[in-house]
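Each protein sequence line maps, in turn, to chains A and B. The opening residue of the first sequence carries number 1 in our numbering; numbering runs sequentially from there. The opening residue of the second sequence carries number 1001 in our numbering; numbering runs sequentially from there. In what follows, a structure is listed as structure tokens, so that the remarks can point back to it.
2 protein chains.
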Amino acid sequence: MENNDRKFMLDAIQLSMDNLKQGGGPFGAVIVKDGKIVAAAANSVTNDNDPTAHAEVNCIRKACAALKTFDLAGCTIYTSCEPCPMCLGAIYWAHIDKVFYGNNKVDARNIGFDDSFIYDEIDLPIDKRKVEFIQLLPEEAIKTFQTWIEMDGKTEY
Amino acid sequence: MENNDRKFMLDAIQLSMDNLKQGGGPFGAVIVKDGKIVAAAANSVTNDNDPTAHAEVNCIRKACAALKTFDLAGCTIYTSCEPCPMCLGAIYWAHIDKVFYGNNKVDARNIGFDDSFIYDEIDLPIDKRKVEFIQLLPEEAIKTFQTWIEMDGKTEY
């Protein structure tokens, strides 16, 4: 582990601690490219009335705005807690190269957050989940995908 | 299936189709509460340079802004495609009651989207994933969780 990795993780942890004073959740993250922090953010779910505003999602959005791209290949994220499934998905969609995390999902569960529950739910067949998932009108929905495939000049991601 | 469910799903599908003309991805969603649409959104990843801007995430953000809450209990989401892990996580964090979807994750993979790949990655042990996940400084990170537990008057979510 490089000293820089420890330094950036301490930055993420400091954000998580400072966020408590702002009335936010105990989570912080920084994104680094070429040895420099390009974005830093804390969880703002309750302050922003946005259940998607986890530290990692906020940080990805800020990094993309700063770098003017939807592709964070070449970036590393340092997050004070292991990403939940939503944030893991966001990290993959953003093509971030590497993830350092402090607390893990069991630690998160132990203080009352649902990360482990959502990981468990994802593993269940769709008809066994707590939230009901129902497929409807696939024969209509597929038409958009067919149109997408046939389109010229689309921006893929 | 009620007629209203079909109508709302057709709205989501129409958003997905209309979005192609805006240069966006082939995905749309609406959120309904008490029989009325409270938010409607399409995917804006490429147009907004935001890899988290899937239709469902955009729609959850809009619904929360409209209803001034981070808790969408009592709401149903209609999405033109089965939610990816990021959006599934967002739906759970938002406490949405029920999900109707049109296309499924195999349909999404067939037109070049990574949904299935990310589902597969979540199931792997952390050291087998394509993206490297490394735990670092947990003894520092846990201090924020300890402080959170001991805090009075915090807003839980």
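Every residue, glycine too, gets a C-beta built ideally from N, C-alpha and C.
- Each of A:Ala73, A:Ser80, A:Ile60 was checked against the Cα of threonine 1144 (chain B), and the nearest Cα belongs to A:Ser80.
- The continuous beta strand (DSSP E) containing isoleucine 31 (chain A) extends over residues 28-33.
- Of the candidates B:Ala1141, B:Ser1116, B:Tyr1157, B:Asp1018, the residue whose Cα lies closest to the Cα of asparagine 1104 (chain B) is B:Ser1116.
- For serine 1080 (chain B), the enclosing beta strand (DSSP E) covers residues 1075-1081.
- No Cβ of chain B is located within less than 8 Å of the beta carbon of valine 106 (chain A).
- Listed in chain order, the positions of the stretch 5-21 of chain A with a beta carbon within less than 7 Å of a beta carbon of chain B are Asp5, Arg6, Met9, Leu10, Ile13, Ser16, Met17, Leu20.
- Around the C-beta of asparagine 1019 (chain B), 16 or more other C-beta atoms lie within 10 Å, and the residue is accordingly described as buried.
- Residue pairing by DSSP places alanine 1042 (chain B) opposite B:Gly1028 in a beta bridge.
- The C-beta distance from leucine 136 (chain A) to phenylalanine 1100 (chain B) rounds to 5 Å, short enough to meet the 8 Å contact threshold.
- As summarised for the stretch 1080-1149 of chain B, the continuous alpha helix (DSSP H) elements at least 4 residues long and confined to that stretch are 1085-1093, 1105-1110, 1115-1123, given in chain order.
- At a cut-off of 8 Å between beta-carbon atoms, arginine 1109 (chain B) makes no contact with chain A.
- Only residues of its own chain outside the window of five on either side were considered, and among them Val30 have a CB closer than 6 Å to the CB of isoleucine 37 (chain A), listed in chain order.
- Counted as a single uninterrupted DSSP element, the stretch harbouring lysine 1154 (chain B) is not any alpha helix (DSSP H), since DSSP gives it neither H nor E.
- One finds Asp1048, Asn1049, Asp1050, Pro1051, Thr1052 in chain B with Cβ atoms closer than 9 Å to the Cβ of cysteine 64 (chain A), taken in chain order.
- Pairing valine 57 (chain A) with alanine 90 (chain A), the inter-Cα distance amounts to about 7 Å.
- Proline 85 (chain A) is not a Cβ neighbour of isoleucine 1060 (chain B), given a cutoff of 8 Å.
- Residues of chain A whose Cβ lies closer than 8 Å to the Cβ of proline 1125 (chain B) do not exist; the shortest such Cβ separation is about 12 Å.
- Chain order gives the chain B residues near glutamate 132 (chain A) as Asp1097, Lys1098, Val1099, where near means a beta carbon separation below 8 Å.
- Chain A has a Cβ within less than 8 Å of the Cβ of asparagine 1103 (chain B).
- Chain A places no beta carbon closer than 8 Å to that of glutamate 1150 (chain B), leaving this residue out of the contacts.
- Among the residues of chain A, those whose CB is under 8 Å from the CB of lysine 1068 (chain B) are Asn49, following chain order.
- Less than 8 Å divides the Cβ of isoleucine 1149 (chain B) from the Cβ of isoleucine 111 (chain A).
- The Cβ neighbour count for valine 106 (chain A), taken over all protein chains shown within 10 Å, is under 16; the residue is labelled exposed.
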